[in-house]
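Notes follow once the structure below has been shown.
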Amino acid sequence: MERDMSNRRMYGVEETEEGAAGSEFGKKQREEARRKKFGIVTREFKVEDQPWILKVNGKAGKRFKGTKKGGVTENASYYIFTQCPDGAFEAFPVNGWYNFVPQAKHRTLTAEEAEEEWGR
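Quick note on the UniProt record's numbering: the sequence shown kicks off at 1 and runs consecutively.
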């Protein structure tokens, strides 16, 4: 299981360092001024809010994307109970709830392939 970090760019998190070679002087300030001018509100990038990618049976197997569902534990408490080899039970509180849906594994057609299929 791994996190889907594809939204990192949408939140404005950059991988380059501030004073790296080839960086533009004052780029961060200009970008911030541009966002304020156009009314773009950026949210903080939180790794724990990113969806999970669950792979079953390796690369060739099925893939599921899990998104966090909020508000599940507001009015109730959920626990997972496991039984130890000695017969005792361990209780673990559930802090987050994720809904996993299968990801589609179809290949999209190119323009030429689509025309060929449409002509049939």
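Cβ atoms here follow ideal geometry from the backbone N, Cα and C, with glycine treated the same way.
- Residue state for Val-47 is assigned as helix, using DSSP reduced to three classes.
- Put simply, the backbone Cα of Lys-65 is about 31 angstroms away from that of Arg-35.
- Phe-38 carries a helical assignment under DSSP once its states are collapsed to helix, strand and coil.
- Bounds of the beta strand (DSSP E) holding Ala-91 are 89-93.
- The C-alpha of Glu-117 is placed about 9 angstroms away from the C-alpha of Leu-109.
- If you look at Gly-61, you'll find it isn't in any beta strand (DSSP E); DSSP assigns it neither H nor E.
- Val-101 and Lys-59 have their alpha carbons spaced roughly 17 angstroms apart.
- Contact check for Arg-3 against Val-47 passes: the beta carbons are separated by less than 9 angstroms.
- Contact check for Lys-69 against Trp-97 passes: the beta carbons are separated by less than 9 angstroms.
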